[in-house]
Structure formats: structure tokens, C-alpha cells
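Protein chains in written order, with my numbering: chain A, 19 to 193; chain B, 19 to 193.
Glycine is no exception: its CB is placed at the ideal position from the N, C-alpha and C atoms.
Taking it in order: structure first as C-alpha cells, then the write-up.
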DNA sequence: TTGGAATGTCAACAAGACTGACATAAAGTG
DNA sequence: CACTTTATGTCAGTCTTGTTGACATTCCAA
């Protein structure tokens, strides 16, 4: 019980900013398990909403990033989502058929399809991200401002290089 | 470009410990996207190892938690993993058939099966968690000690109540 | 005009989740 | 002892989401 608290204190408080971290396998494993359980919570609320509509996480991801970067091309979306075009295409087809996403042929390059959310699509996006933001907001409040900064720092450091590029590019985009 | 850095600074530095958080939807969305991209990195290394062995994440999860709590019952594992017994059983069957997991009938309650890793199972577990820990260690080092504390705090606050119980119970177990 | 790039479609397949139904054995309870 | 509940396993079928491979279309660019 008290054992872990002790080692955690040692890491966080006894050592200063740029000093060596005291990283036991035990502490790393706790971080790993925390990621596992937290990700379940992270997706739980949207999953419930999606289940009612016979959609899955793949639909959520597509809707999220189309909303985030309206007019994005299919190829661009593929790179961000990290799936094959066939897999994405199946999801997009249902979303387009259901009137949540609109695909417009490119004007400068007519091979490209630019993706936009319809009103209905934007409404679902709002519903999904409201739920997810509520969870995130509660977690942030409970953990406190400094914790949030640390949280973001570690997550960013955990990404693959190319995902980190995609993330920071999106992050620094004024939406 | 600079816009986000400004708002982040405002949140993290201008306000003190117990003050109200300045939580814009923009900041929350960045946290959401950070979770998405980071989780990909989090699973990338084990996924590569597992792909060579024709195993998936489900096998990894089972192996991880059996290693974590040797002798755990099937029911216990079900609760932690949050899947159906049919789904877990399929994974366990292959792991037992491949000689990575051993299932022993309970002594006090003969209905229960207690799960253990074999030597081969423990070897794979070590290989997988070495890879995952290396990623985690690098991220922790890059982010710094205070960031690690904050990271863990936010993740814990993001869990569902029952997962949080499972997590802290595991966390506080001397392994 | 030819080659390559972007996109889409079809088919087949696999992992991994689900539900539902049923079997078995053991434990608990009246 | 009879009955119920619990723990586990299994069979069958479905769904989502991912994969590969093959092929067509469109169109830009050398």
C-alpha cells in the first residue's frame, strides 16, 4: 500500500527538473497499466453513443478529423488515421450514404476528394466530442493544471515521430 | 503557430495549484488528439513483436495480466480485461496450446482455473514489456519527473470508477 | 502519349469483439 | 438429498475493423 507512494514521491519531489529520473520497472509498468485502463475510459462515452447508431470507433475517428480539417483529402486522412484506403473507404461510404459526410471532387486536382461534414455530421461530431470533452475536463479538473501540462508532455513524447508531426501540425492549426 | 503556446502557458503558469482551470474546448481537443496519437505509439512496439508470432493485442493483454497476478482465475481476468469469456477463452486456448500459459484446476474450488505463465510465456512477456517499457522510459525522460506525476494523475482521473479500482488494486500489489 | 498518382471498387480473409445457447462440474443452500 | 448458483468451456453465428490483392478510372505531368 504505502510502498508505491514512497517511490513515487522520491521520483517526483526529491529529484529536480533536469536530474536523472529514478525509473524502476515497477513505475514504468504502472504507467503502462494506467494507459491501458485510461484509454478504455477515454473511449467509453463515445462508444456508447456510437453503439446506438450502429457505428464504431472508426466512424468516430473519421468524423473527428474531417471536422478538424474540413476539406481534407482522403489521402491526408489515411495518413492521419494510419489505416488502408480500403478500410477507410468502407467507413466513408457508410457515412456518405447516411448523409453525415460530403465528398466533393477537387477543383484544382479533380482526382482528389475533399471531405466535409454535413449538418447532421457536424451534429453527431458535436455530440461525440461533447461527451469526450466532458470526461477530459473532469479529469483535468481533478488532476490540476500542472498535471495537465505533464500529461500532455508525456503523451507527446510517447508518439512515433511521424504521428508527432501530424499531431503538432493539427495542434498548431487555428480551427 | 504561437497561438497555442500562449494559451497553454496561461493555463499552466499563470494560474496556481488549486485555482480554476482555464479549459477551452481547444485545449481539451488537443488532449483528446494527444491520447489518440500517443496510444498508437504506446502499442506500436509490442504490436510489431506480436505480428511476427501471429498473435494480437488480446494475447498481449492476457499475458501481461497473468504475469502481473500469477494464479489469477479466468473470471478475475475477464473483469480486468473487460471482454466476454468467449473472447478471452479463444485467446487463452491458443496460448495454452502454444505452451505459453498453464491452466491449473483450483485446489479449494475445483471449478476455478488458475492461470500461470510457463517459462516460454514469461520469456515472451519479458520481450513485450521490455519494448513497451523502453518507449515509456524514453517518454518519461524526455518529459521530466514532474510531467510523469501529472501524466499519471490525469490518466487515473480519466478511468471509469471500476477500472480505477482494478488499477489501484493492481498498482498497490507488490509483485 | 505514356507513365504514374489519387481514388474507388470488388473480393477474400483474419482478428477480435459480440450474443445466445448449451454442457459440465463443483459449490452452496434449502 | 434436491435444487440453484457459480465458474468455466464450447459451439455457432454476427459485426466491426483491419488486412492484401487485383483492377478500373481519372487526370496530371513529363
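For residue i, the nearest candidate out of the options (CA to CA)
{"i": "residue 49 of chain A", "options": "B/102, B/136, B/60 and B/127", "result": "B/60"}
{"i": "residue 140 of chain B", "options": "B/80, B/46, B/76 and B/74", "result": "B/80"}
{"i": "residue 178 of chain A", "options": "B/47, B/54, B/167 and B/112", "result": "B/54"}
{"i": "residue 133 of chain B", "options": "B/187, B/92, B/41 and B/58", "result": "B/92"}
{"i": "residue 169 of chain B", "options": "B/154, B/115 and B/130", "result": "B/154"}
{"i": "residue 157 of chain A", "options": "B/173, B/145 and B/146", "result": "B/173"}
{"i": "residue 187 of chain B", "options": "B/70, B/98, B/131 and B/124", "result": "B/98"}
{"i": "residue 121 of chain B", "options": "B/150, B/89, B/142 and B/152", "result": "B/89"}
{"i": "residue 114 of chain B", "options": "B/166, B/77 and B/46", "result": "B/77"}
Residue i in three-state terms, based on DSSP
{"i": "residue 174 of chain A", "result": "helix"}
{"i": "residue 167 of chain B", "result": "helix"}
{"i": "residue 101 of chain B", "result": "coil"}
{"i": "residue 42 of chain A", "result": "coil"}
{"i": "residue 136 of chain A", "result": "coil"}
{"i": "residue 28 of chain A", "result": "At residue 28 of chain A, the pLDDT of 39 sits below 50, so the modelled position is not reliable; the number obtained from the coordinates is stated separately. Helix at residue 28 of chain A."}
Delimiting residues of the beta strand (DSSP E) encompassing residue i
{"i": "residue 129 of chain B", "result": "Premise fails: residue 129 of chain B is in no beta strand (DSSP E) and is neither H nor E."}
Bounding residues of the alpha helix (DSSP H) (the contiguous stretch that carries residue i)
{"i": "residue 180 of chain B", "result": "179-189"}
{"i": "residue 73 of chain B", "result": "Neither: residue 73 of chain B is in no alpha helix (DSSP H) and is coded neither H nor E."}
With 9 Å as the limit, tell me which residues of the region 162-174 of chain B have their beta carbon closer than that to any beta carbon of chain A; keep them in chain order. Cβ contacts with chain A: 162, 163, 164, 165, 166, 167, 168, 169, 170, 171, 172, 173 and 174.
Give, in chain order, every residue of the region 48-80 of chain A whose Cβ lies closer than 7 Å to some Cβ of chain B. For the region 48-80 of chain A, which is checked against every Cβ of chain B, the residues closer than 7 Å are 48, 49, 50, 51, 52, 53, 55, 56, 57, 58, 59, 60 and 62.
Below 9 Å between beta carbons is the criterion; list the residues of the region 113-137 of chain A that meet it against any residue of chain B, in chain order. Within the region 113-137 of chain A, no residue has its Cβ closer than 9 Å to any Cβ of chain B.
Using a Cβ cut-off of 7 Å, which residues of the region 86-102 of chain A contact any Cβ in chain B, in chain order? Legend: CB atoms of the region 86-102 of chain A lying less than 7 Å from CB atoms of chain B belong to residues 100.
Where the region 141-162 of chain A meets chain B: residues whose CB sits under 8 Å from a CB there: Going along the region 141-162 of chain A in chain order, one finds 147, 150, 151, 153, 154, 155, 156, 157, 158, 159, 160, 161 and 162 with a Cβ nearer than 8 Å to chain B.
What residues from the region 181-193 of chain A come within 8 Å of chain B, judged by C-beta to C-beta, listed N to C? Only 181, 182, 184, 185, 188, 189, 190, 192 and 193 from the region 181-193 of chain A bring a Cβ to less than 8 Å from some Cβ of chain B.
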